[in-house]
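*Asks:* If you scroll down you'll find the structure; I have some questions about it.
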Amino acid sequence: MTVLAQGASYLVRRGTPGLALTVMSVHRFLYGINFIALILLSRNALTDPADPDAGLTTFATLTLISLIGNGFGILATPIAHERVSSAKWIVICLGLGALSQQVISFAPRWAPVAVGAWLLGFSVQGAKIAVDTIVQRDTADAFRGRAFALYDMGYNAAFVGAAGLAAVLLPDTGWSRPVFVALTITYLVLAAWYHWRTAVLRETPRPVS
């Protein structure tokens, strides 16, 4: 068994860090689809497709809005951790991710897309900090390096895979109500699954020899 395979086996048996990394990978995948959608929306729906400079400005503005959401996620997460566990905060952030997709599904217009971008930025950053906390806390020293190596692999592979799928699913405008509704449902299913699995474990890692 390779070193990384041993790390993956340990994380699955340990429970809580394996679940957290699974959520991170899926969340990154969903974010990747949104990133491609945002590019296409900025270029072909929210501005005149014949004006590439306007499209670039729109994309930069929406990216900034999403980054502001990231910032609020960074500020809110330590406060939230004083009141709820990291696992519960992940569920809340996934719920915000679902809300972001529902808002964007209303119409390919500035207001819903901007609000959705902010919510998604908050959701992604808040969940990421909680996942980092769980992996750092619940992984033994001997496996922590491998855990974060797998973290990086899943993080990057999910984004690349999402870009490929988005190219197939999304029209040139970047907006499709069925796609965003499907993303909403996926977020909700992921949140429910993670809540169920962590509840079974009582948010406590299994002992692994």
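Position in the sequence shown (from 1) plus 18 gives the number in our numbering.
Glycine included, every Cβ here is placed at the ideal spot set by N, Cα and C.
Thinking C-beta only, is Q119 closer than 9 Å to G134?
*Replies:* Yes; because the gap between Cβ atoms is below 9 Å, this pair is in contact.
*Asks:* Return the residue from the list I51, K106, L117, A175 that minimises the CA-CA distance to A185.
*Replies:* If we check each option's Cα against that of A185, I51 comes out closest.
*Asks:* Rounded to a whole number of angstroms, what is the C-alpha to C-alpha distance between I108 and T157?
*Replies:* Taking the straight line joining both Cα atoms gives about 18 Å.
*Asks:* Taking just the CA atoms, how far does P130 sit from V121?
*Replies:* Those two C-alpha atoms are separated by around 6 Å.
*Asks:* Taking DSSP as the reference, what is the three-state secondary structure of T157?
*Replies:* T157 falls in the coil class under three-state DSSP.
*Asks:* Name the residue from R31, V41, A98, V21 whose alpha carbon lies nearest to the alpha carbon of T222.
*Replies:* Checked all of R31, V41, A98, V21; the closest Cα to T222 is R31.
*Asks:* The alpha helix (DSSP H) with G115 in it runs from where to where?
*Replies:* Taken as a continuous stretch (DSSP letters only), the alpha helix (DSSP H) holding G115 covers 104-122.
*Asks:* Just tell me which of R220, V226, T216 has its CA closest to the CA of T40.
*Replies:* Here the closest residue by C-alpha is T216.
*Asks:* Does the count of Cβ pairs from the segment 87-94 and the segment 137-155 closer than 8 Å reach three?
*Replies:* Short answer: they touch.
*Asks:* Would you mind stating whether G25 and L168 have Cβ atoms separated by less than 9 Å?
*Replies:* Contact: yes.
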